[in-house]
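Peer 1: Residue numbers (this note's numbering): 459 to 1044.
Quick reminder that beta carbons are idealized off the backbone N, C-alpha and C, glycines included.
These figures come from a predicted structure and were not determined experimentally.
Below you'll find the structure I mean.
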Amino acid sequence: MMESQQEPKVTIPPLIPLEYSNRMMLKTILECGDDQIGLFGKTVVVGGWVKSSKEVKREPVAAALKPPTAAEAFPPSPGRKELSCVEVVQSRIPFFKKIIRVFGVSSDSYPGVREKFEPVPKPPPPPPSKFFLQISDASSISSLMVVIDSAVVPVSAGHVLPTGTCILAQGVLEKSSSHGKQTIELKVEKILHIGTVEPDTYPLSRKRLPLDSLRDYPHIRPRTTTVASITRICDTLDFAAHTFLHNHGFLHVQVPIITTIDSEGFSEKFQVTTSKKWGLGSGSDADVRHETVKAEQHIEARDKSKLGTGVKPEVKEDFFGRQSYLSVSGRLHLESYACALGNVYSFGPRFRAEKTGSIKQVAEMWVVEVEIAFSQLEDSMKCAEDCFKFLCKWILDHCPHDMKFVTKRIDKTIVHRLEYMMSISYERISYREAVDILRKVTDKTFETKLRWGVPLTAEHLSYLADDHYKRPVIIYDYPKAVKPFYVRLNDDGKTVAAFDMVVPKMGTVITGSQSEERLDMLSARMKEFDLSRDQYEWYQDLRKHGTVKHSGFRLGFDLMVLLMTTGLTDVRDVVPFPRTHGKANN
């Protein structure tokens, strides 16, 4: 006796709406694989923005125009037996005809006077249309086909078809009626919201705009598939960085963005001030100039009034009472917590006022900064390497759809490169060894003349990582003149305990160092950089009271997203609202 074959079991994936908006993320519908069949017949609410659309008009039904009867044209009111005005007039037509005959006029001369009024036939309504909309809510690379039948849901083409239209709709998930890649679509039963768009001024009306054109619309570009994918990768990498550090016992510490010190000793900084001289108006340029002139005249008059006493306006009149800046680095403040809590890290924006045209730097960039107590340079180099490999693996494991899109659209080698970075050992060489290697190069001429004691340029670093070793390179023991004042001086008195991690196709992604824990050495280095002892008194206190060896590093988060995980080349395409010299529109 043969056993009956059992039908394959259909798995119904859970359809749980978002807790605070009562809609389904499209990702839960589009990325459930073979389980999509279990969603057919389910009623859901979805929302998103129209990526593309088309209208399919039905053919009108051919039928002879037949004038309606009086009963059809003038149906009686239900429940009431009342004569309409037309019926009253029709009942009086014989009376009117008698009056006309009294005056000797034939009723045939007035053809308009008929026994009955014949209603004018009405043209049929326009045939209904079907609207096919591809919508996206940026939760997935894919978009969902939404089908609207205007016979069921009255809506006009001008409201729903334009690219960029926002729509929130309720409907039933069905098997796709088209023969494309999609296997599921939403048949709309009710439209809950439509956010119309102005097609003539909407920046994304044209398809596949180049990334450099999108930089002028940072508030709109997240709706593009590429920027949405970059944002999801960025979010995943953000979570991965926190995960790695938490897994290894680090505490997250928020360090100040406004500071009164130069964390490196030679940085171009943004000054923070409340001076009215630099106040910004909200009106036109002419208004701003007028207010600026008034402010300058006021300050000049105030200064003249103080000439008799010899008192000049000072920074003490500013909000903080002393010069303050946007932070270039948070490592000095982070040290104070490392010297109490052990292993700590910070994640936030850092600012540089360098008027550079580099495609790898903007004025505001986010960095991960790590500080490890009871550690030396070797410990930080090992931690930095492990962290970098962890991030590479995490992206591959948790962003398969986005990495597939990036591979297809931007860089075909990106996945292979990430796999390579997480599986190999990294080369370690000293600065002196790097200089010796570069001096022996004969098949390439470097633009910058190389000699010991000067910084290695991006060209030098690229040759070492891309051409010579063909793998990430960690360069350590730099000349003391090219690294910050707080880096520990080596025994040779010429080099310091600092390192850079250089990655092929990327350049320098991580920089780190062991901090100087000896008070006398730190004071001497501060003197070399001509730094004020008063400004750094709190930092010196850490060496006076329970000093400890400690080291750390900083990872350029935006550069990691830019070059390592997306294959893009300009950091302005990764930073949500890039600030560059002469441009901060939003």
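Kindly indicate which residue of 506, 843, 585, 1037 has the alpha-carbon position closest to the one of residue 824.
Peer 2: As a first step, residue 824 must be located in the sequence shown, where it is residue number 366. With distances taken between Cα atoms, residue 824 lies closest to 1037.
Peer 1: Work out the CA separation of residue 596 and residue 491 for me, nearest whole Å.
Peer 2: Here residue 491 is taken as the residue at index 33 of the sequence shown, counted from 1. Here residue 596 is taken as the residue at index 138 of the sequence shown, counted from 1. Residue 491 and residue 596: Cα-Cα distance of roughly 18 Å.
Peer 1: Note down the Cα distance separating residue 594 from residue 909, rounded to an integer number of angstroms.
Peer 2: Residue mapping note: residue 594 aligns to position 136 of the sequence shown, counting from 1. Residue mapping note: residue 909 aligns to position 451 of the sequence shown, counting from 1. Those two C-alpha atoms are separated by around 55 Å.
Peer 1: Determine the contact status of residue 946 and residue 986, defining contact as a CB-CB distance below 7 Å.
Peer 2: The residue given as residue 946 occupies position 488 in the sequence shown. The residue given as residue 986 occupies position 528 in the sequence shown. Contact: no.
Peer 1: Distance, Cα to Cα, residue 925 vs residue 992?
Peer 2: On the sequence shown, position 467 is the one that residue 925 refers to. On the sequence shown, position 534 is the one that residue 992 refers to. Distance between the alpha carbons of residue 925 and residue 992: 47 Å.
Peer 1: For residue 919, which residues of its own chain have a beta-carbon under 7 Å away from its beta-carbon, when the five flanking residues on both sides are left out?
Peer 2: Here residue 919 refers to the residue found at position 461 when the sequence shown is read from its first residue. The answer, listed in chain order, is 960, 965, 966.
Peer 1: Suppose only complete runs of 4+ residues qualify. What are the alpha helix (DSSP H) ranges in the stretch 815-875, listed by chain order?
Peer 2: For the stretch 815-875, whole alpha helix (DSSP H) runs of length 4 or above, ordered along the chain, are 835-856, 858-867.
Peer 1: Starting from residue 917, follow the alpha helix (DSSP H) in both directions and report where the run begins and ends.
Peer 2: Taking the first residue of the sequence shown as position 1, residue 917 is located at position 459. 916-920 is the extent of the alpha helix (DSSP H) around residue 917.
Peer 1: Would you mind working out which of 837, 783, 713, 840 sits nearest residue 725, comparing C-alpha positions?
Peer 2: Position 267 of the sequence shown, counting from 1, holds the residue named residue 725. The residue with the shortest Cα to Cα distance from residue 725 is 783.
Peer 1: By Cβ distance, which residues of its chain are closer than 7 Å to residue 1000, with the 5 residues on each side in sequence left out?
Peer 2: In the sequence shown, residue 1000 corresponds to position 542, counting from 1. Closer than 7 Å at the Cβ level, and outside the excluded window around residue 1000, lie 793, 794, 797.
Peer 1: Comparing alpha-carbon positions, which option in 631, 582, 615 lies nearest residue 499?
Peer 2: Here residue 499 refers to the residue found at position 41 when the sequence shown is read from its first residue. Taking only the C-alpha atoms, the option nearest residue 499 is 631.
Peer 1: Can you give, in chain order, each stretch of the alpha helix (DSSP H) that sits fully within the stretch 655-695 and has at least 4 residues?
Peer 2: List check, alpha helix (DSSP H) in window: 669-672.
Peer 1: Provide the residue span of the beta strand (DSSP E) that contains residue 1047, from first to last.
Peer 2: No statement about residue 1047 is possible, as the shown extent of the chain runs from 459 to 1044 and does not include it.
Peer 1: Kindly list the residues whose CB is nearer than 6 Å to the CB of residue 1028, restricted to its own chain and excluding five residues on each side of it in sequence; keep chain order.
Peer 2: Position 570 of the sequence shown holds residue 1028. Contacts found: 817.
Peer 1: Relative to the alpha-carbon of residue 507, which residue among 488, 603, 774 has its alpha-carbon at the smallest distance?
Peer 2: What you label residue 507 is simply residue 49 of the sequence shown in a count that begins at 1. Per the Cα distances, 603.
Peer 1: Measuring straight from C-alpha to C-alpha, what distance separates residue 496 and residue 472?
Peer 2: For the purposes of this step, residue 496 is taken as residue 38 along the sequence shown, with counting starting at 1. For the purposes of this step, residue 472 is taken as residue 14 along the sequence shown, with counting starting at 1. So the two alpha carbons sit approximately 10 Å from each other.
Peer 1: Please report the distance separating the alpha-carbon of residue 668 from that of residue 916.
Peer 2: On the sequence shown, residue 668 is found 210 positions in, with the first residue counted as 1. On the sequence shown, residue 916 is found 458 positions in, with the first residue counted as 1. Roughly 27 Å between the two C-alpha positions.
Peer 1: Expressed to the nearest angstrom, what Euclidean distance is found between the alpha-carbon atoms of residue 716 and residue 658?
Peer 2: Working through the sequence shown from its first residue, we reach residue 716 at position 258. Working through the sequence shown from its first residue, we reach residue 658 at position 200. Cα-Cα distance, rounded: 43 Å.
Peer 1: Using a 10 Å radius around the Cβ and a threshold of 16 neighbouring Cβ atoms, would you call residue 741 buried or exposed?
Peer 2: Residue mapping note: residue 741 aligns to position 283 of the sequence shown, counting from 1. Unreliable positioning characterises residue 741 in this predicted model, as indicated by a pLDDT of 47, which lies under 50. The coordinate reading is nonetheless provided below. Its Cβ having fewer than 16 others within 10 Å, residue 741 is exposed.
Peer 1: With DSSP run on the structure shown, which of helix, strand or coil describes residue 489?
Peer 2: The residue you call residue 489 lines up with position 31 of the sequence shown. The answer is coil: DSSP assigns residue 489 none of H, G, I, E or B.
Peer 1: Using C-beta distances below 6 Å, list every residue in its chain close to residue 699, excluding the 5 sequence neighbours before and after it, in chain order.
Peer 2: Residue mapping note: residue 699 aligns to position 241 of the sequence shown, counting from 1. Correct list, in chain order: 826.
Peer 1: Mapping DSSP to helix, strand and coil, what is residue 722?
Peer 2: Here residue 722 corresponds to residue number 264 of the sequence shown, with the count starting at 1. Looking at residue 722 - three-state DSSP - the assignment turns out to be coil, as it is neither helix nor strand.
Peer 1: Using the beta-carbon count (16 or more within 10 Å), is residue 791 buried or exposed?
Peer 2: Along the sequence shown, read from residue 1 onward, the residue named residue 791 stands at position 333. Its Cβ being crowded by 16 or more others within 10 Å, residue 791 is buried.
Peer 1: Using the Cβ count rule (16 or more neighbours within 10 Å means buried), how would you classify residue 884?
Peer 2: The residue you call residue 884 lines up with position 426 of the sequence shown. Per the 10 Å Cβ criterion, buried.
Peer 1: So, for residue 476: in the same chain, excluding its five sequence neighbours on each side, which residues have a beta-carbon less than 7 Å away from its beta-carbon?
Peer 2: Taking the first residue of the sequence shown as 1, we reach residue 476 at position 18. Excluding sequence neighbours, residue 476 sits near 483.
Peer 1: First and last residue of the alpha helix (DSSP H) that includes residue 985?
Peer 2: Numbered from 1 along the sequence shown, position 527 holds the residue referred to as residue 985. Residues 977-986.
Peer 1: List the residues that DSSP assigns as beta-bridge partners of residue 803.
Peer 2: Within the sequence shown, the letter at position 345 stands for residue 803. 710, 828, per the DSSP bridge assignment.
Peer 1: Could you tell me the distance, in whole angstroms, from the CA atom of residue 646 to the CA atom of residue 607?
Peer 2: As a first step, residue 646 is located in the sequence shown; it is residue number 188 there, counting from the start. As a first step, residue 607 is located in the sequence shown; it is residue number 149 there, counting from the start. Approximately 8 Å between the Cα atoms of the pair.
Peer 1: Residue 633 lies in the beta strand (DSSP E); which residues open and close that run?
Peer 2: Start at 1 with the first residue of the sequence shown, and residue 633 comes out as number 175. Where residue 633 is concerned, the enclosing beta strand (DSSP E) stretches over 624-633.
Peer 1: Look at the alpha carbon of residue 861 and the alpha carbon of residue 598, and state the distance between them as a whole number of angstroms.
Peer 2: For the purposes of this step, residue 861 is identified with residue 403 of the sequence shown, where counting begins at 1. For the purposes of this step, residue 598 is identified with residue 140 of the sequence shown, where counting begins at 1. Answer to the nearest angstrom: the Cα atoms are 12 Å apart.
Peer 1: Please classify residue 930 as buried or exposed, where buried requires at least 16 other C-beta atoms within 10 Å of its C-beta.
Peer 2: To locate residue 930, count along the sequence shown from 1; it is residue 472. Residue 930 comes out buried.
Peer 1: Just to confirm my understanding: we take residue 690, look at its own chain, exclude 5 residues before and 5 after, and list those with CB closer than 6 Å. What are they?
Peer 2: Walking along the sequence shown from the start, residue 690 turns up at place 232. Taken in chain order, the residues that qualify are 860.
Peer 1: Consult DSSP for residue 477 and reduce its assignment to one of helix, strand or coil.
Peer 2: In the sequence shown, residue 477 corresponds to position 19, counting from 1. Three-state DSSP puts residue 477 in coil, outside helix and strand.
Peer 1: So what's residue 596 in DSSP terms, helix, strand or just coil?
Peer 2: Counted from its first residue, the sequence shown places residue 596 at position 138. Of the three classes helix, strand and coil, the one that applies to residue 596 here is coil, per DSSP.
Peer 1: Would a C-beta distance cut-off of 7 Å place residue 639 and residue 834 closer than the cut-off?
Peer 2: Your numbering for residue 639 matches position 181 in the sequence shown. Your numbering for residue 834 matches position 376 in the sequence shown. No, the Cβ-Cβ distance between residue 639 and residue 834 is not below 7 Å.
Peer 1: Who does residue 482 pair with in a DSSP beta bridge?
Peer 2: The residue given as residue 482 occupies position 24 in the sequence shown. For residue 482, which the question treats as bridged, DSSP gives the partners 504.
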